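Line by line, the protein sequences are chains A and B. Under this note's numbering, the first residue of the first sequence is numbered 1490, with each subsequent residue one higher. Under this note's numbering, the first residue of the second sequence is numbered 1490, with each subsequent residue one higher. No residue lacks a Cβ here, since even glycine has one placed at the ideal position from N, Cα and C. Only a predicted model underlies this, so the values are computations on that prediction, with no experimental measurement involved. Notes for the one structure printed next.
Number of protein chains: 2
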Amino acid sequence: MKKYEIERRVEYYEADTTQKLSLPMILNLAVLASKNQSDELGVGQDYHLAMGLGWVILQYEVAIKRRPKVGELMRIQTYAAEYNPFFVRRPFVFFDESGDEIIKVSSIWTMLDIKNRRMARLPQEIVDKYDAQRVKQVPRIPNPIKITDDDTIIENDYHVRYLDIDANQHVNNSKYFEWMQDVLSPEYLMTHEVTHINLKFENEIRLGHTILSQVVLGDGETRHRIMMGDTVSAEAEFKWREL
Amino acid sequence: MKKYEIERRVEYYEADTTQKLSLPMILNLAVLASKNQSDELGVGQDYHLAMGLGWVILQYEVAIKRRPKVGELMRIQTYAAEYNPFFVRRPFVFFDESGDEIIKVSSIWTMLDIKNRRMARLPQEIVDKYDAQRVKQVPRIPNPIKITDDDTIIENDYHVRYLDIDANQHVNNSKYFEWMQDVLSPEYLMTHEVTHINLKFENEIRLGHTILSQVVLGDGETRHRIMMGDTVSAEAEFKWREL
Chain A
1490 MKKYEIERRV EYYEADTTQK LSLPMILNLA VLASKNQSDE LGVGQDYHLA
1540 MGLGWVILQY EVAIKRRPKV GELMRIQTYA AEYNPFFVRR PFVFFDESGD
1590 EIIKVSSIWT MLDIKNRRMA RLPQEIVDKY DAQRVKQVPR IPNPIKITDD
1640 DTIIENDYHV RYLDIDANQH VNNSKYFEWM QDVLSPEYLM THEVTHINLK
1690 FENEIRLGHT ILSQVVLGDG ETRHRIMMGD TVSAEAEFKW REL
Chain B
1490 MKKYEIERRV EYYEADTTQK LSLPMILNLA VLASKNQSDE LGVGQDYHLA
1540 MGLGWVILQY EVAIKRRPKV GELMRIQTYA AEYNPFFVRR PFVFFDESGD
1590 EIIKVSSIWT MLDIKNRRMA RLPQEIVDKY DAQRVKQVPR IPNPIKITDD
1640 DTIIENDYHV RYLDIDANQH VNNSKYFEWM QDVLSPEYLM THEVTHINLK
1690 FENEIRLGHT ILSQVVLGDG ETRHRIMMGD TVSAEAEFKW REL
């Protein structure tokens, strides 16, 4: 397997009120590292778009030991670990300046045929470049525990904004983290630090939609759901440490 | 005067649906350049916070020849141009890789006594570091033309989100650009490119507020107002080029 690494400093506008790297930025930086690797291997966006294909992330698992502060330098390391004809698993590790692993991400990716929005077989010539391990079954991330009808749901609606949309005309994945975090009260957010996230995407969201961010408060954990009308767009489980 | 420069590449999550640097990011990068200069001169955030003072931007004027695309490398140059006991004017120039000036920003800054939220005299030992020109009157940016009662106003409300707030517990300045842009229809935004912005801040916004973003459409220009109840929080004029 081919490891790839980027180095980034946390800038003030990438932090939240705690002065630490925001949750959406963790995702953005992970995706940046994988994009840069693909570009370097000659199979970046231009290459797969020319084949009518786009990468899509299906699920994320994020383990946070500590979020780095504004001014801290991070190294973000990634590689394609395992693949089969339809899925790739890609881990990411965020190291701080003393070499400690502070954030670990696992992610499951697939490719979409852009015209008919259907899952596509991963082209062998693309997969070969990453030097990943061919497996029968790509190791799965467990499903987040679902919200049920018996749960007490707190919810808030969010209108999809022009700047939530990326160049692919879809909501940037990292926005889901913002909606899921924002529905929690400032009091909760200021007294709890997130330690673990498991987020599974179900259905895409586009400009003009209004989504409902739902949360159920548990003991040291929260369960989340993003709804577009009756359709589930994403589900997640967050674990928290009291401050 | 002491010029200072940073170099940055436009990353995918810093662009909007046009694949070009988003309006809020123009502001974020300008402020980053001035922050880095202040740090290098030894009068950064730690220094002025210890005096109970914080920098505040009162007004921005932005002239956009073209916004750089994802992957482009920019140089952002800044210096403190003129100052008097209360105000500093700081210009910024964004250069592209061929050395063309693609974005120019002028900005007026003051310092706030953080405890009583009042304007403070600029400490001479801070101002001296920037080697700016002492003047009687800092050149003013004209006021944006106001929205009046006769205008046909289009408006949308925005709830201030947890991630809109920066480490100073106030809304990040760049969010005003998002609210002002987002109230325009996707059809307008996809057929017009902004060429000039004049934005004046009036009153701070905090977490939990809901603001109203108002816009009046003119011929090649839009006039904007951000309201917090009856209080004007900011006013702006945007000029647009049809695509």
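A distance below 6 Å between beta-carbons, with the five flanking residues on each side excluded, links Glu1667 (chain B) to the following residues of its chain, in chain order: Pro1513.
For Gly1697 (chain B), a Cβ of chain A is located within less than 9 Å of the residue's own Cβ.
Glu1693 (chain B) is positioned such that its CB atom lies no closer than 9 Å to that of Arg1607 (chain B). In the DSSP annotation of this structure, the continuous segment of the alpha helix (DSSP H) that includes Tyr1665 (chain A) starts and ends at Ser1663 to Asp1671. With respect to the C-alpha of Ile1597 (chain A), the residue from A:Asp1589, A:Val1705, A:Asn1632 and A:Asp1505 having the closest C-alpha is A:Asn1632. For the segment 1715–1727 of chain B, the beta-carbon criterion of a distance under 9 Å to any beta-carbon of chain A is satisfied by none of its residues.
The bridge partners DSSP lists for Met1716 (chain A) are A:Leu1701 and A:Val1721. As for any alpha helix (DSSP H) of minimum length 4 sitting wholly inside the segment 1491–1550 of chain A, the runs are 1512–1529 and 1534–1539, ordered along the chain. Within the segment 1600–1665 of chain A, the beta strand (DSSP E) runs of at least 3 residues that lie entirely inside it are, in chain order, 1607–1609 and 1643–1648. Across the set A:Val1551, A:Lys1618, A:Thr1507 and A:Phe1581, the C-alpha of A:Lys1618 shows the shortest separation from the C-alpha of Glu1529 (chain A).
Beyond the five residues adjoining it in sequence on each side, Ile1630 (chain A) comes within less than 7 Å, by CB distance, of Gln1548, Glu1550, Ser1595, Ile1597 and Asn1687 in the same chain, given in chain order. Note on geometry: alpha-carbon atoms of Lys1593 (chain B) and His1685 (chain B) lie some 10 Å from one another.
According to the DSSP assignment, Pro1574 (chain A) belongs to no alpha helix (DSSP H), since it is labelled neither H nor E. Apart from the 5 residues on each side of it in sequence, Gly1560 (chain A) sits with its Cβ closer than 8 Å to the Cβ of Arg1498 and Val1499 in its chain, given in chain order. Taking all protein chains in view, the Cβ of Ala1609 (chain A) is crowded by 16 or more other Cβ atoms within 10 Å, so the residue is classified as buried. When DSSP states are grouped into helix, strand and coil, Glu1693 (chain A) belongs to the coil group.
DSSP places Leu1678 (chain A) in the uninterrupted alpha helix (DSSP H) bounded by Pro1675 to Thr1680. Going by DSSP, Leu1562 (chain B) is part of the beta strand (DSSP E) stretching over Leu1562 to Thr1567.
In terms of beta-carbon proximity, Val1559 (chain A) lines the interface with chain B, with at least one pair separated by less than 9 Å.
Taking 9 Å as the cut-off, the Cβ atoms of Asp1639 (chain B) and Met1490 (chain B) do not count as close. In the DSSP assignment, Glu1590 (chain B) forms a beta bridge with B:Phe1584. Just measuring C-alpha positions, the residue of B:Ile1615, B:Lys1509 and B:Ile1515 sitting nearest Phe1583 (chain B) is B:Ile1515. For Ser1663 (chain B), the C-beta contacts it makes with chain A under 9 Å involve Tyr1502, in order along the chain. Distance from the CA of Arg1650 (chain A) to the CA of Ser1663 (chain B), rounded to the nearest whole angstrom, comes to 15 Å. Between the segment 1723–1731 of chain A and the segment 1551–1570 of chain B, the count of Cβ pairs shorter than 8 Å is below three; the stretches do not touch. Between the segment 1711–1721 of chain A and the segment 1501–1510 of chain B there are fewer than three inter-stretch CB-CB distances shorter than 8 Å, so the stretches are not counted as touching. Within its own chain, the residues whose Cβ lies closer than 6 Å to the Cβ of Asn1645 (chain A), once the five positions on either side in sequence are excluded, are Val1672 and Ser1702, listed in chain order.
Taking 9 Å as the cut-off between beta carbons, none of the residues of the segment 1569–1589 of chain B comes near chain A. In the structure shown, Lys1558 (chain B) adopts extended strand secondary structure according to DSSP, grouped into three states. Burial check for Glu1724 (chain B): the Cβ neighbour count within 10 Å reaches 16 or more, so the residue is buried. Residue pairing by DSSP places Leu1706 (chain B) opposite B:Thr1711 in a beta bridge.
Comparing C-alpha distances from Met1669 (chain B) to each of B:Asp1655, B:Gln1658, B:His1659 and B:Tyr1647 shows the shortest one belongs to B:Tyr1647. The beta carbon of Ile1636 (chain B) does not come within 9 Å of any beta carbon belonging to chain A, so the residue lies off that interface. For Lys1524 (chain A), the CB contacts under 8 Å within the same chain, skipping 5 residues up- and downstream, are Gly1533 and Gln1534 in chain order.
Gln1670 (chain B) has a beta carbon lying within less than 9 Å of a beta carbon in chain A. Assigned with DSSP and collapsed to three states, Leu1732 (chain A) falls in coil, not helix or strand.
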